[in-house]
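Chains as they are written, first to last, in the working numbering: chain A, 1 to 589; chain B, 1 to 515.
Encoded structure:
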């Protein structure tokens, strides 16, 4: 087998290495991305003795090339001869883990973590762990940052003396001089805590956690909040109060909004980690404060968590806590000055109705929903509408329908096409919940108006919407309400509207069935094949291809085929192209 | 919601100007967090100048304490009277420390720094506009500026007072103070950053013990900016300070300073904001004037970070290279001429005319011209290919004219070499083509080998590349179809002239309509 040992005559390493050295970055990049092919050509032996040393020593390259290299090496174990030789990959990855560029370094660390699993316990201590130590005591911050991500993968599989060393290194990095390293350490604190023995979690990790959580830089402190979740999960309930809570309380009141934001953002996880008792005593007031925070960012993050927080409250006191502590804050947020806060709240507030039940929903939540449906910011209204299903289950949508309609109409005509797009997407859902009569009476005109919107994306979504409505209300409804209007647009002076007819037919033919398609839609499509705009004509070809399977063979042969054949001789090359495509797909040739 | 006019309804994107106007109206942020309790109403104290000299010190302290009261400036109607009293008091304090001698007694230092810290040190508020672009957008201005400005003014006068004693002040203006001061450089308010710049410069000048610390912290800010957040509003100001610090470095340069140059200042060139480049170039040139042996690593560093997609940045890089070449020593020039001119030759051939033009302007620089002439036998072969090709096929007539001039200049420098290159041009191109073909063949063989092996060795990515190749081919085909079809939209658009006018504003439309 030529590949197994490499074939000198065919693939001299010099040529391959020349490729890796090519002056053109793009070519170097291509070569690096195919590094495994090169290694395969060289065979495992020469890959170890020639290729890897070359990569380690001579590669000084653009970050893009280095990134590709770092990624490749993570999958190289088999190419150097399996787990037995996997440590050969460490030297090049070690240098990659020290480069400046973060993405390269991160990728190198990722690959190192991956291949660490392929090391035998002995190799891990002989080769891998010394590398981690070298990185951890490197001069420049980059290597120390990289080291932070490697402790947790080797810790569980080494002897207790080496474990002690690793813990010591991690401690040192947590109080590193440069904030970059402290940030890296703080972000890995939770992960490292998980692999430590419980005693060391209590003795080592807690003091590191406390120190990082009161770091002078808020960028470090906020990372400690993340670690807090993992640490709290590891500790027995009785230790939480003394070991974790003082720090968490401090974080929730931190003078930097970034830290408070982080607390709000992680609130559900924290809540689960500390358990119901502490939640009742500590987290409820803390959550109230976050909902009333002076920075909108923090309030929005907390508002996002309202539903999850309430859901996870202990069942015995859930309703009482919500009614007396949370709901008053929520009421204030409904009229917040910041639209992001309001829209964050609107995206979850409907979820409270299932928790509180019918009576409370009608008495307390409904006024809030109605207020938000009238909010000046379209996103708020949209978020309410998009979550209607939760309320529907509890109190039925009728309670809301009077306020719903004006809100929907206004969103349907919003100046921002993305808002219009969003409301279209909820139409099928609304139609299902409001019923066909309400729909015909109030919403049908909107759905038809979107078909002639100025923005293509809206027209496209409107087409798709019609299809879903037909699936819901059936073909007969389609025939009476939609199809005539759609087909009427085929005579519109604007070619974009004429094309919309075709797009609608594409979407509707299947849902409407053979009868409607053959009798009503097909004649219109065929007639449009004489349109003066080429775009319309080639879309006719595409439509015929699309609706062909719905038609019977008689119609195909007698009506569709002649038209396609005529289009296939069109003066326009695209019309020809699509006509020919349709002919071959429908097998009419 | 007010009724929306038809023109607005077309699309939200067209209303950027309107959204901006809205933002400007409320572009005032403040960052004072939770003033412990509602502010107590201030009552005016007697004027310092009217007080007997024995009581002045006591009154000064009282006024400083009074100024520790913080007010909410987002609410423009509350505490108007107290706000005015604090403003007047601050004005008086500024006046007091700048005109009087002997007012900075030792006991006043803690009171003074306390007042300053309370007022200026705060967590900056979240930006209204997460993608704040200093060149495009209006900055959010600090709402409490009427007070903060005076406090900065006061701090500056305090530092500049002839009686100011760093030996006493260093107990209060310490590392922590500096750290908090540096964090404020992230303020979006340019007025604030300007004050901070002057103040930090004064502190650097007066507190020798803090200098190394300040430099290190600035490094940290830059590194974070480069590798972590890509966001810090005060980079340009900090660079300005560093520019003048570098100027004062003693020779030979310490390893720390060289490390700053290579590991911080050069990577800083990856920054998005173009406004930084002037200050960067200044710092780099400062270094090179101090120590010319740094030229080679610096230019190699710049070549490493050479912009690939941003033409505007490329123009800035070329500007910086020219500034460096202006001060380069001929011996240093020889060391980097090859990689440098390979890049310049790529720039000359850039389809963006501004890049090409900027590179060609090098030939208007007498000093650079003399360096090129000295090394014409090395440079001409590098440049010839691009210049020759561009002279035939660049779309922009100005560039073509410039290239002709450059070719003429180069020809005059070494006529024989020029003729040789002209005659071998075709052969060279053919050799290149052949080499490319050989490369393709090599890879194809490797690919085949890989496929035959894929059953033997279990490796995750086997077989994928060949499949991808097929896909590429398919894509190419369909792309061709697309381009053909695009011609169509023009006819169609003309046909539907009625509607075309409204479609202009519509990105989603034009994207699909083209098809």
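Every residue, glycine too, gets a C-beta built ideally from N, C-alpha and C.
Small disclaimer: the values here were computed from a predicted structure and weren't measured.
- Within the region 416 to 476 of chain A, there are no complete beta strand (DSSP E) runs of at least 3 residues.
- Excluding sequence positions up to five before and after residue 510 (chain A), its CB lies within less than 7 Å of the CB of 550, all in the same chain and listed in chain order.
- The region 172 to 183 of chain A and the region 217 to 226 of chain A touch, with three or more beta-carbon pairs separated by less than 8 Å.
- Of B:393, B:147, B:392, B:191, the smallest CA-CA separation from residue 83 (chain B) is found for B:147.
- In this structure, residue 150 (chain B) sits near residue 91 (chain B), with a CB-CB distance shorter than 9 Å.
- In the same chain as residue 586 (chain A), and ignoring 5 residues on each side of it, the C-beta atoms closer than 6 Å to its own belong to 548, in chain order.
- Residue environment for residue 256 (chain A): buried (at least 16 other C-beta atoms within 10 angstroms of its C-beta).
- Take the alpha-carbon of residue 201 (chain B) and the one of residue 54 (chain B): they are about 35 Å apart.
- Counting the other Cβ atoms within 10 Å of the Cβ of residue 415 (chain B) gives fewer than 16, which makes it exposed.
- Taking residue 339 (chain A) as the centre and dropping the five residues before and after it, the same chain places the C-beta of 377 closer than 6 Å to its C-beta, in chain order.
- When the five nearest sequence neighbours on each side are left out, the beta carbons in the same chain lying within less than 6 Å of the beta carbon of residue 38 (chain A) are those of 16, in order along the chain.
- Rounded to whole angstroms, the Cβ separation of residue 284 (chain B) and residue 265 (chain B) is 6 Å, and the two are in contact under 8 Å.
- Listed in chain order, the positions of the region 168 to 196 of chain A with a beta carbon within less than 9 Å of a beta carbon of chain B are 177, 178, 179, 180, 183.
- Measuring C-alpha to C-alpha distances from residue 218 (chain A) to each of B:196, B:259, B:180 identifies B:180 as the nearest.
- In terms of beta-carbon proximity, residue 258 (chain A) lines the interface with chain B, with at least one pair separated by less than 9 Å.
- In the three-state reduction of the DSSP assignment, residue 142 (chain B) falls in the strand class.
- Under the three-state reduction of DSSP output, residue 84 (chain B) falls in the helix class.
- Residues of the region 38 to 56 of chain A that bring their beta carbon within less than 8 Å of a beta carbon in chain B comprise 38, 40, 41, in sequence order.
- In the structure shown, the three-state DSSP call for residue 383 (chain B) is helix.
- The Cβ atoms of residue 223 (chain B) and residue 175 (chain B) do not sit closer than 9 Å to each other.
- Judged by DSSP in its simplified three-state form, residue 165 (chain B) adopts coil rather than helix or strand.
- Note on geometry: alpha-carbon atoms of residue 475 (chain A) and residue 371 (chain A) lie some 38 Å from one another.
- In the assembly as shown, residue 337 (chain B) is a buried residue. Its beta-carbon has 16 or more other beta-carbons within 10 Å.
- Around the beta carbon of residue 393 (chain A), fewer than 16 other beta carbons sit within 10 angstroms, so the residue counts as exposed.
- Look at residue 92 (chain A) here: in three-state DSSP terms it is helix.
- With contacts defined as CB atoms closer than 9 Å, residue 403 (chain B) and residue 390 (chain B) qualify as a contacting pair.
- Nearest C-alpha to residue 63 (chain B) among B:86, B:432, B:129: B:86.
- Under the DSSP assignment, residue 128 (chain B) falls outside any alpha helix (DSSP H); it carries neither an H nor an E label.
- Of A:348, A:160, A:419, the smallest CA-CA separation from residue 388 (chain A) is found for A:348.
- Looking from the CA of residue 312 (chain B), the closest CA among B:273, B:301, B:339, B:334 belongs to B:273.
- In the three-state reduction of the DSSP assignment, residue 388 (chain B) falls in the helix class.
- Distance from the Cα of residue 99 (chain B) is smallest, within the candidate group B:162, B:65, B:51, for B:162.
- Rounded to the nearest whole angstrom, the CA to CA distance from residue 481 (chain A) to residue 543 (chain A) is 22 Å.
- Contact note: residue 304 (chain B) reaches chain A through 62, using a C-beta cutoff of 8 Å and chain order.
- Look at the region 430 to 445 of chain A: it has no residue with a C-beta under 7 Å from a C-beta of chain B.
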